[in-house]
Amino acid sequence: MKKLWRSLNGVLGEVDIADTAALTAEDFAKFFTDKVEAVRSSTASTPLYDVPYVSTSTLDEWSPVSTDEVEKFISSALSKTCQLDPAPTWLVKDMGGLLSPFVALLFNKSLATGQFPTEFKKAVVRPLLKKRDLDTSQLKNYRPVSNLPFLSKLLERIVQVRLQAFLDSNNLMPSTQSAYRQFHSTETAVTKVYNDLLLAADNGQVSALCLLDLTAAFDTVDHDLLMLRLERQFGLRGVVLQWFSSYLSGRSFRVVFGGHMSAFVVILCSVPQGSVLGPRLFIMYTADLAEVARAHHVNIHAFADDTQLYVHCRRVDTTSTIARLEGCLADVSLWMSANRLKLNSDKTELLWASSRHSLSLLRNNSLSLQLGDETVAASDHVHILGVTISSDLSLDKHVAKISTSCFFWLRQL
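Counting the sequence shown from 1 gives a position; our numbering is that position plus 486.
Here it is in structure tokens:
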């Protein structure tokens, strides 16, 4: 198998970045930490967001986990092993029937006391190149990929099932968010936005679509604000709230690169990367962003931290629509800053979408968007969750891109 994969990677051009980059594990640990601190510093002058109270049902305690439930989760888990695991995952799965009673005992102790085991709070981070053709010597071209212990993620899955059942039964999940919801996916998110643009074009309208980009979104989540949201907006109380407080606090990571490990770095903010609960906590953290958009009568749809704002109008109303969208973006940026998140204006994109006839009648000087000190010019196409959509709402560029990629790999093979 080693020879097969070595040959296949040679054909596909895969390169071990640790062999080509003159970087160390300590370099990455410092870079990832400094990046988060820089974002936090840039938003420190904005007063913290005042989380409003919402009347809702409450969840005060977790229901205990059974041995059968633990055994089921162990058997269905992926066979991935973290460097911090005392035993390989395949062995734990093979011995699932024998280990389940003891694991259930540990998990029930955690759920009953509201304490997340300290050893589960450590993570191993591996730097991954964002795109294969980027410069391997530049730290900014890497993203941190976090690995957590197997039992840590198993306990999170147990909690996630109970938390999701509570959220679903009380209709607390944000309707404008497609990530980590049953029957929702990137496909349904793209379909929703694309369909709304097509319907507007059929009615003779033009649409302004704005794609927002956040800098290190998951890594800058403020723990105090998140805990206030869980309590005030989602009704988590008692030992359940205490468990999440323990889950978020006292975390650390170390970077593995080139066969070496960095020292442990203490995490003061963020939802855990690579975790089961992290993405869902981020969705809950940003749930009331939709209210900011609605106040300006702007449509919003999101998948995790990928957020799309869009508004429809007649051709003669583009100037007032731009002003409305700019006002919405200003409030969104302020909301982000108050929640210790940072809107990346450099990567924010704008697309005017409609039929070719309607677009030909638009004046070019009305198509740009002012975002703070940055001017966002309109593009002729944008990428939404992996799909390329053109201003005339055709998918020609997307089909051409996929075909090009397919032919490239076929030629490589």
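Note that beta-carbon positions come from the ideal geometry of N, C-alpha and C, so glycine has one too.
Taking 7 Å as the line, does the beta carbon of residue i fall inside it for any heavy atom of the ligand NAD?
{"i": "Ala651", "result": "In the structure on display, the ligand NAD does not appear, and there are no ligands present to speak of."}
Helix, strand or coil for residue i per DSSP?
{"i": "Asn633", "result": "strand"}
{"i": "Thr772", "result": "coil"}
{"i": "Cys696", "result": "strand"}
{"i": "Ser984", "result": "Residue 984 lies beyond the range of the chain shown here (487 to 899); nothing can be said about it."}
{"i": "Leu564", "result": "coil"}
{"i": "Tyr539", "result": "coil"}
{"i": "Glu547", "result": "coil"}
{"i": "Ile870", "result": "strand"}
{"i": "Ala788", "result": "strand"}
{"i": "Met747", "result": "strand"}
{"i": "Val707", "result": "coil"}
{"i": "Tyr680", "result": "helix"}
{"i": "Arg740", "result": "strand"}
{"i": "Val556", "result": "helix"}
{"i": "Val752", "result": "strand"}
{"i": "Gln856", "result": "strand"}
{"i": "Leu829", "result": "strand"}
{"i": "Ser664", "result": "coil"}
{"i": "Ser819", "result": "helix"}
{"i": "Ser865", "result": "strand"}
{"i": "Val778", "result": "helix"}
{"i": "Ala702", "result": "coil"}
{"i": "Pro659", "result": "Reading off the sequence, residue 659 comes out as Met, not Pro. Three-state result, Met659: coil."}
{"i": "Leu534", "result": "coil"}
Measuring straight from C-alpha to C-alpha, what distance separates residue i and residue j?
{"i": "Gln569", "j": "Val741", "result": "11 Å"}
{"i": "Ile753", "j": "Ile808", "result": "40 Å"}
{"i": "Phe743", "j": "Leu698", "result": "32 Å"}
{"i": "Gly872", "j": "Asp619", "result": "18 Å"}
{"i": "Glu835", "j": "Gln856", "result": "11 Å"}
{"i": "Ile769", "j": "Cys755", "result": "16 Å"}
{"i": "Glu523", "j": "Lys833", "result": "20 Å"}
{"i": "Val802", "j": "Ser493", "result": "60 Å"}
{"i": "Ala864", "j": "Ser831", "result": "14 Å"}
{"i": "Arg441", "j": "Ser735", "result": "Outside the displayed range of the chain (487 to 899) lies residue 441, so it cannot be described from this structure."}
{"i": "Asp513", "j": "Leu614", "result": "14 Å"}
{"i": "Ser748", "j": "Leu811", "result": "45 Å"}
{"i": "Asn689", "j": "Thr519", "result": "49 Å"}
{"i": "Ser661", "j": "Met487", "result": "46 Å"}
{"i": "Ser549", "j": "Ala609", "result": "27 Å"}
{"i": "Tyr771", "j": "Gly858", "result": "24 Å"}
{"i": "Ile888", "j": "Pro538", "result": "45 Å"}
{"i": "Pro533", "j": "Gln663", "result": "26 Å"}
{"i": "Ser562", "j": "Gln650", "result": "19 Å"}
{"i": "Glu627", "j": "Asp654", "result": "First, the amino acid is wrong: residue 627 is Asn here, not Glu. Distance between the alpha carbons of Asn627 and Asp654 is about 38 Å."}
{"i": "Glu777", "j": "Ala573", "result": "47 Å"}
{"i": "Gln898", "j": "Thr672", "result": "29 Å"}
{"i": "Leu509", "j": "Val751", "result": "18 Å"}
{"i": "Asn681", "j": "Ala773", "result": "23 Å"}
What residue range does the alpha helix (DSSP H) around residue i cover?
{"i": "His783", "result": "No alpha helix (DSSP H) holds His783; DSSP gives it neither H nor E."}
{"i": "Tyr796", "result": "Taken as a continuous stretch (DSSP letters only), Tyr796 belongs to no alpha helix (DSSP H), being part of the beta strand (DSSP E) at 792-799."}
{"i": "Arg526", "result": "511-529"}
{"i": "Phe730", "result": "724-734"}
{"i": "Glu835", "result": "Careful: Glu835 lies outside any alpha helix (DSSP H), inside the beta strand (DSSP E) at 835-839."}
{"i": "Leu625", "result": "Segment: none, Leu625 is in no alpha helix (DSSP H) and carries neither H nor E."}
{"i": "Pro587", "result": "582-599"}
{"i": "Ala886", "result": "882-898"}
{"i": "Val497", "result": "488-498"}
{"i": "Ser844", "result": "842-846"}
Terminal residues of the continuous beta strand (DSSP E) containing residue i?
{"i": "Pro613", "result": "608-615"}
{"i": "Ala861", "result": "The amino acid occupying residue 861 in the given sequence is Thr; Ala does not appear at that position. Here the beta strand (DSSP E) through Thr861 covers 860-862."}
{"i": "Gln691", "result": "Premise fails: Gln691 is in no beta strand (DSSP E) and is neither H nor E."}
I'd like to know whether the C-beta atoms of residue i and residue j end up nearer to each other than 8 Å.
{"i": "Leu879", "j": "Ala687", "result": "yes"}
{"i": "Ala665", "j": "Lys521", "result": "no"}
{"i": "Cys814", "j": "Val692", "result": "no"}
{"i": "Ala779", "j": "Leu683", "result": "no"}
{"i": "Leu775", "j": "Val818", "result": "yes"}
{"i": "Ser891", "j": "Asp882", "result": "no"}
{"i": "Val578", "j": "Phe636", "result": "yes"}
{"i": "Thr553", "j": "Ala590", "result": "yes"}
{"i": "Ala694", "j": "Val551", "result": "no"}
{"i": "Gln759", "j": "Pro630", "result": "yes"}
{"i": "Lys607", "j": "Ser738", "result": "yes"}
{"i": "Gln794", "j": "Val679", "result": "yes"}
Within the 8 Å Cβ cut-off, does residue i reach chain B?
{"i": "Ser561", "result": "In summary, chain B is missing from the structure at hand, where a single protein chain is found."}
Check whether the stretch 820-833 touches the stretch 703-710, counting contact only when three or more Cβ pairs, one atom from each stretch, lie closer than 8 Å. Per the Cβ contact rule, the stretch 820-833 is in contact with the stretch 703-710 (3 or more Cβ pairs under 8 Å).
At a cut of 8 Å, does the stretch 757-769 reach the stretch 640-656 through at least three beta carbon pairs? In short, these stretches touch, since the Cβ pair count reaches three.
Taking contact to mean at least 3 C-beta pairs separated by less than 8 Å, is the stretch 572-591 in contact with the stretch 545-558? Cβ pair count under 8 Å is three or more, so yes.
Using 8 Å as the threshold, is the stretch 543-556 in touch with the stretch 623-630, meaning 3 or more CB pairs across them? No, because fewer than three Cβ pairs between the stretch 543-556 and the stretch 623-630 fall closer than 8 Å, the two stretches do not touch.
Is the number of C-beta pairs between the stretch 784-791 and the stretch 723-742 that are closer than 8 Å three or more? Between the stretch 784-791 and the stretch 723-742 there are fewer than three C-beta pairs closer than 8 Å, too few to call the two in contact.
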